[in-house]
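Chains A and B, in that order, give the protein sequences.
For what it's worth, our numbering labels the leading residue of the first sequence as 1, then goes sequentially.
For what it's worth, our numbering labels the leading residue of the second sequence as 210, then goes sequentially.
In this text, a Cβ means the ideal position worked out from N, Cα and C, and glycines have one as well.
To start, the structure itself, in structure tokens.
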Amino acid sequence: MGLTDPAVRPEQNDATSVSSVSPNWVTTRLDFLTNWARANSLWPMPFGTACCAIEFMATAASRFDLSRFGMERMSFSPRQADVLICAGRLPFKLAPVIRRIWDQMPQPKWSISMGACASSGGIFDNYSMVQGIDTIIPVDVYVPGCPPRPEGLMYGIMLLQKKIKGESFTDETLRDEKLVGPSGLFLPPERVDELSEPFGNSVHQTRSA
Amino acid sequence: MSPLSPSVPALRAEFGDAVERSLVSSGDSIVYIARDRSHDVLAWLRDTPSQGYNYLTDVTAVEYRDPERPLEVVYQLRSLPRRADLRVKLALDKRGPLEVRSVVDLWRGADWLEREVFDMFGVVFAGHPDLRRILMWETYAEGYPLRKDFPLRGHFSRAEQTRQALAANPEAHYSLEELSIADAFDELPADMRERLARGERGFLK
Ligand code: SF4
């Protein structure tokens, strides 16, 4: 059995009714191959803004050694990066910067939000801080902690690898660029407000406090 | 308890009523001076050999919780040869214009310090060569974040804050001399373009 020209409709060619998008064994094997390759050669784009970046550096250094995950090379150019790791809090002033870096990364790409601040604003529920980078770029894996230990970040990376291994390269929606739309946001405004709602200790502070 | 700095009686002898009051707090001498004479007093403290306050450690401001207390602009001075410190404060009535004379002509290091006070408190430093925001971005529209009437989370909704942040041009935070390419010039706000075009820091376009 071979690959069928997608231009040839199955009903026109019953002998080899294999469409390139049907879940047959050929695509399964290719998915396995591409996912295996992608998951084990994730080049990180480190976006270290604060204390979490120190722990990220510890993760990359010899004791924990990110290279074991195929992250041999820190990609300081977004053009050659696969996974953006935001390690630290993100002030609004940096929001257009991380957005531009994300837009410059070619598909396929993923992102990890490392630490409480990157994931939710953390303790910085104030005028200057983005309340979770998921209001700026799409996020695949959130790593909790303040800061997360290197084991925590590595667990997050392994979860991302697991997620990648479940992807299918025929599913093109996975590779959709979620661009900033005409509203100036990449999510609906209500969604941004909802994601930024105070929680935990900060619910005790009112907006006028 | 350290005694009052000898600079304070010297200031009183030189400037009389311009010295409003003085005190010692936690061993530091603090002197309040009249706003109108601030530049003269600070220049005198820098240039008089017996004073020699040649290093401006910090410029900052304080707004107290009690609304009737004035806002204070604080200059922390140090004399490197004499190893002496002096804190000079100006009280600004919040009902009037928050304006003081810039001291960038006395200490070049005051440049960014005064910009920070302007950015956070809205105090205008008359004569500053390039007075614009330094921590928040140039087009930040919510006000002055360290003022007591500023809500902790800002005035706008989170969606609006995010939208404005994403609309900012990351290159437009810098003056032209900070940029290797000047092509963000046309995207800067009009008043900043005008300031840069006539000031020593820009070039005529
Ligand atoms: S989560 Fe904690 S360690 Fe990480 S950036 Fe925020 S404050 Fe720093």
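Item	Value
For a test of the three-state rule: what should DSSP assign to K298(B), helix, strand or coil?	strand
Is DSSP giving A377(B) helix, strand or coil here?	coil
Here's the rule: buried if 16 or more other CB atoms are within 10 angstroms of the residue's CB, otherwise exposed. What is S311(B)?	buried
Got a sec: which bits of the region 359–377 of chain B sit with their beta carbon under 7 Å from any beta carbon on chain A, in order along the chain?	P360, L361, R362, G363, S366, R367, A368, Q370, T371, R372, A374, L375, A376, A377
If the criterion is Cβ atoms closer than 9 Å, does the pair P354(B) and Y127(A) meet it?	yes
Helix, strand or coil for V139(A), going by three-state DSSP, please let me know.	coil
Quick one: what does DSSP say V217(B) is sitting in, helix, strand or coil?	helix
Does the CB of W102(A) have a neighbour CB from chain B at under 9 Å?	no
Measuring from each Cβ to the nearest heavy atom of ligand 1, keep the ones under 6 Å and list them in chain order.	A50(A), C51(A), C52(A), G88(A), R89(A), G115(A), A116(A), C117(A), G122(A), C146(A), P147(A)
For E55(A), count neighbouring Cβ atoms within 10 angstroms of its own Cβ and tell me buried if that reaches 16, exposed if not.	buried
Using a beta-carbon distance below 9 Å, is P379(B) in contact with chain A?	yes
Look at the alpha carbon of I104(A) and the alpha carbon of V97(A), and state the distance between them as a whole number of angstroms.	Looking at the sequence shown, residue 104(A) is not Ile but Gln. If I take the Cα positions, the gap works out to 11 Å.
Go ahead and pull the three-state DSSP assignment for V312(B).	coil
In this structure, does DSSP put Q285(B) in helix, strand or coil?	strand
A227(B) to Q260(B), Cα distance in whole Å?	18 Å
In whole angstroms, what separates the C-alpha of P218(B) from that of S238(B)?	11 Å
Using the rule of at least 16 other Cβ atoms within 10 Å of the residue's Cβ for burial, across every protein chain shown, is Y142(A) buried or exposed?	buried
So if DSSP puts C86(A) in a beta bridge, which residue, or which two residues, is it bridged to?	F47(A), S113(A)
Residues of chain B with a CB under 7 Å from the CB of T49(A): which are they?	Near T49(A) there are no residues of chain B at all, since even the closest Cβ is about 14 Å away, more than 7 Å.
Report yes if the CB atom of L185(A) is closer than 9 Å to the CB atom of R372(B), and no otherwise.	yes
Could you check the C-alpha separation between D82(A) and G48(A) for me, to the nearest Å?	16 Å
Candidates F359(B), A376(B), L315(B): which alpha carbon is nearest D249(B)'s?	L315(B)
Which word fits V282(B), buried or exposed, when buried means at least 16 other C-beta atoms lie within 10 angstroms of its C-beta?	buried
Consult DSSP for R73(A) and reduce its assignment to one of helix, strand or coil.	coil
With burial defined as no fewer than 16 other Cβ atoms inside 10 Å of the residue's Cβ, what is the status of Y199(B): buried or exposed?	Past the boundaries of the shown model lies residue 199(B); chain B is included only from 210 to 414, so the question cannot be answered.
Determine the contact status of W110(A) and I136(A), defining contact as a CB-CB distance below 9 Å.	no
Closest to I343(B) by CA distance: which of L307(B), F327(B), A293(B), G352(B) is it?	F327(B)
By the three-class DSSP mapping on this structure, what secondary structure does L280(B) have?	strand
Determine, using beta carbons only, whether D339(B) and D358(B) come nearer to each other than 9 Å.	no
Which whole runs of the alpha helix (DSSP H) in the region 304–353 of chain B are 4 residues long or more, in chain order?	319–330
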